[in-house]
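A quick write-up on the structure given underneath.
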Amino acid sequence: MTGDNEIFKNALKNSGLSNTKSRRQLFNIFVNSGHKPLSPAEIVNFSNETMDRSTIYRNLETFQKLNIIRPVSIGWKIKYELSEEFHGHHHHMTCIKCGKITTIHDDTDIDLAIKNLSAKRGFQAIEHTLDIRGYCNTCQNFKNPG
Ligand SMILES: [Zn+2]
Ligand SMILES: [Zn+2]
Ligand SMILES: [Zn+2]
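Heads up: the sequence shown begins at 1 in this note's numbering, then just goes up one per residue.
See the structure below:
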């Protein structure tokens, strides 16, 4: 299969950027996160502090421009995950109490609805994000009533 690594290398190559050690390391942290969106602080931890914060921020910015990663709002925080090129199109449901994230890959109804409402207005939609926040099954049972 065309691995994630190939997509990553091509993205850099097409922009004339070199595949540096810190870029590879950052990319691997995302690959190894198992589709868990990461904050810059979490990335520092995963790198065992071998990368400094400014390098990470700089590379996050580059990765975002190249569409290798995308920002995701989790609760009220911005985290990052690999773009749809790697993970496919999906939505998130985030529990604002425990932080659990459920990914939804198979909700064609919503995507069809978005397509239709765009088309009705003569708008050609190429992408959208939809993140749902609330309480997961477990946390609902512990939530203060009212
Ligand atoms: Zn929860
Ligand atoms: Zn995701
Ligand atoms: Zn969608």
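Yeah, the Cβ is synthetic: ideal placement off N, Cα and C, and Gly gets one too.
Because the structure is a prediction, the values reported are computed rather than measured.
Residue range of the beta strand (DSSP E) that includes T102:
Bounds of the beta strand (DSSP E) holding T102 are I101 to I104.
Three-state class that DSSP yields for K36 in the structure shown:
coil
Comparing the C-beta of C136 with each C-beta of chain D, is any distance below 8 angstroms?
Annotation note: the requested chain D is absent from the structure, which comprises a single protein chain.
Mind checking whether the beta-carbon of T103 lies closer than 7 angstroms to any heavy atom of ligand 1?
The nearest non-hydrogen atom of ligand 1 is 7 angstroms or more from the C-beta of T103.
I need the straight-line Cα distance from N32 to Q140, nearest angstrom please.
30 angstroms
Bridge partners of K79, per DSSP?
V72
Across which residues does DSSP place M93 in a beta bridge pair?
T102 and I132
Taking C-beta to C-beta, are E81 and F30 nearer than 8 angstroms?
yes
In this structure, does DSSP put I43 in helix, strand or coil?
helix
Among I126, L12, W76 and F123, the one whose alpha carbon lies nearest that of K97:
W76
Proximity winner among V72, S18 and A11, relative to P40 (alpha-carbon distances):
V72
Compute every distance between the C-beta of D111 and the non-hydrogen atoms of ligand 3, then say whether any falls below 7 angstroms.
yes
Exposed or buried, which one is T50 when buried takes at least 16 other CB atoms within 10 Å?
exposed
CB of E151 within 8 angstroms of CB of I7, strictly
Given that the chain is displayed from residue 1 to residue 146, the structure contains no residue 151 and the question cannot be resolved.
Cα-Cα, which of T102, S18, G88 and D107 is closest to F63?
S18
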